[in-house]
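In this text, residue positions in the sequence shown follow the numbering used here: the first is 153, and each later residue adds one.
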Amino acid sequence: MELLVLLGLVAVGVTLSSLVDFGSDEEETITRTDGTEGDDTLTGGDGRDLLLGAAGADILDGGAGNDQLEGGIGDDLLRGGAGDDVLLAARGEDTLFGGDGVDLLYGGVGDDSLSGDAGDDLLEGGRGADTLNGGAGSDLLWGILDSSRVDDVIDATDIVDADRLEGGAGSDLLFLGSGDVANGGADRDAFLTGVYVDGSAPPVIEDFVPGEDILAIQVPTAATVSVAITADAGAAVVSANGQVVARLDGAAGTVTLADIRVVENEAIQSIVA
Numbered sequence: 153m154e155l156l157v158l159l160g161l162v163a164v165g166v167t168l169s170s171l172v173d174f175g176s177d178e179e180e181t182i183t184r185t186d187g188t189e190g191d192d193t194l195t196g197g198d199g200r201d202l203l204l205g206a207a208g209a210d211i212l213d214g215g216a217g218n219d220q221l222e223g224g225i226g227d228d229l230l231r232g233g234a235g236d237d238v239l240l241a242a243r244g245e246d247t248l249f250g251g252d253g254v255d256l257l258y259g260g261v262g263d264d265s266l267s268g269d270a271g272d273d274l275l276e277g278g279r280g281a282d283t284l285n286g287g288a289g290s291d292l293l294w295g296i297l298d299s300s301r302v303d304d305v306i307d308a309t310d311i312v313d314a315d316r317l318e319g320g321a322g323s324d325l326l327f328l329g330s331g332d333v334a335n336g337g338a339d340r341d342a343f344l345t346g347v348y349v350d351g352s353a354p355p356v357i358e359d360f361v362p363g364e365d366i367l368a369i370q371v372p373t374a375a376t377v378s379v380a381i382t383a384d385a386g387a388a389v390v391s392a393n394g395q396v397v398a399r400l401d402g403a404a405g406t407v408t409l410a411d412i413r414v415v416e417n418e419a420i421q422s423i424v425a
């Protein structure tokens, strides 16, 4: 059910940031703390905080409450803490920990490490070779360019650097781009690829479980799509209209068409039955 809800929201173009509820300004005061051009350590309190790191290698800790942390330029460490938090890394090689709660983590530009921790989290690496780990809960992980709509990348080859996506425990939805490596973790997962990936560097899924997990192939129109499954060195190689869209390690001879869904842009919500 969690995957169905997430898929439906993405399908209608809801932005990831709108899925995290910060409440209204009338409910609680926002405490803003600004960093300097140097290396800052900013710590929030028990309420709703806005921590802005600016330049430098900053450490931002939101503490309890629904917080927003922005690292700015530099190699930053962001910890959301308890509560439903938004963590924005901007530029640099950043490390983000969502903590407990429903969190949104965005890596921005640079090779970043994002960990959702406990809760149903949404992670997007942005530009760079990123590592995404959803942690416990039903998480949504993006290894492609834009966090608001898959439609924005469907007609072009995904040029984002190769990412690593780890769903962790829980039923997760992983959006894959060219060169990505994905591991869904425990429980039933859905992996979304499409004809937007580079067929010479398709995403690799390490732990696909036939009969449990779902591979969805997104296409501009599903009416004339032909899906083929071949074997290569123990892996199942999945193609759509002759273009390789995914490689499923260790799954040769076990993956069938029943494990695969072909979806149009407007029908993303139907990936998981």
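Even for Gly, the Cβ is constructed at its ideal location relative to N, Cα and C. Bear in mind that the values here come from a model prediction, so they are computed numbers and not experimental data.
Boundaries (first-last residue) of the beta strand (DSSP E) holding residue i
| i | result |
| --- | --- |
| R243 | Careful: R243 lies outside any beta strand (DSSP E) and carries neither H nor E. |
| L409 | Looking at the DSSP string, L409 is not in any beta strand (DSSP E), and its letter there is neither H nor E. |
| D219 | Neither: D219 is in no beta strand (DSSP E) and is coded neither H nor E. |
| V397 | 395-400 |
| Y276 | The residue you asked about is not Tyr; residue 276 is Glu in the sequence shown. Residues 274-276. |
| R316 | 316-318 |
Per DSSP, the bridge partner or partners of residue i
| i | result |
| --- | --- |
| V377 | Bridge partners of V377: none, in fact. |
| F360 | Paired residue(s): none; F360 is not in a bridge. |
| V254 | BP columns for V254 are empty, so no partner. |
| I366 | A342 |
| I430 | As displayed, the chain neither begins before 153 nor continues past 425, which places residue 430 out of reach and without an answer. |
| T193 | I211 |
| T188 | Looking at the DSSP assignment, T188 forms no beta bridge with any residue, so it has no partner. |
Backbone secondary structure at residue i - three-state DSSP
| i | result |
| --- | --- |
| V414 | strand |
| L344 | strand |
| L204 | strand |
| L328 | coil |
| I182 | strand |
| S290 | coil |
| S352 | coil |
| A234 | coil |
| D384 | strand |
| S323 | coil |
| A334 | strand |
| G160 | Note that G160 scores a pLDDT of 43, beneath 50, so its modelled location is shaky; the value from the coordinates is reported in the next line. In the structure shown, G160 sits in a helix (DSSP, three-state: H, G or I). |
| A392 | strand |
| D177 | Low confidence applies here, because D177 scores a pLDDT of 47, under 50, leaving its location unreliable; read the following figure in that light. Here D177 sits in coil by DSSP. |
| T309 | With a pLDDT of only 40 at T309, under the threshold of 50, the placement of this residue in the model should not be trusted; the figure read from the coordinates follows. It is coil, neither helix nor strand. |
| D303 | Note that D303 scores 33 on pLDDT, short of 50, meaning its location in the model is unreliable; the coordinates nonetheless yield the value given after this. Note: D303 maps to helix in three-state DSSP. |
Residue i classed as buried or exposed, judged by whether at least 16 other C-beta atoms fall within 10 angstroms
| i | result |
| --- | --- |
| T345 | buried |
| S378 | exposed |
| E318 | buried |
| S352 | exposed |
| E222 | buried |
| D272 | buried |
| T247 | buried |
| A392 | buried |
| E364 | exposed |
| G259 | buried |
| R184 | exposed |
| L325 | buried |
| D384 | exposed |
| T309 | Confidence in T309 is poor, its pLDDT being 40 and thus under 50, which makes the residue's placement too unreliable to answer from. |
| D198 | exposed |
| G262 | buried |
| I211 | buried |
| L275 | buried |
| G405 | exposed |
| D186 | exposed |
| L409 | exposed |
| A368 | buried |
| G295 | buried |
| G268 | buried |
Interface flag, residue i vs chain D, CB-CB below 9 Å
| i | result |
| --- | --- |
| D332 | Absence of chain D from the displayed structure is noted, only one protein chain being present. |
Check: Touch check for the stretch 351-367 and the stretch 330-343: three-plus C-beta pairs under 8 Å?
Finding: yes
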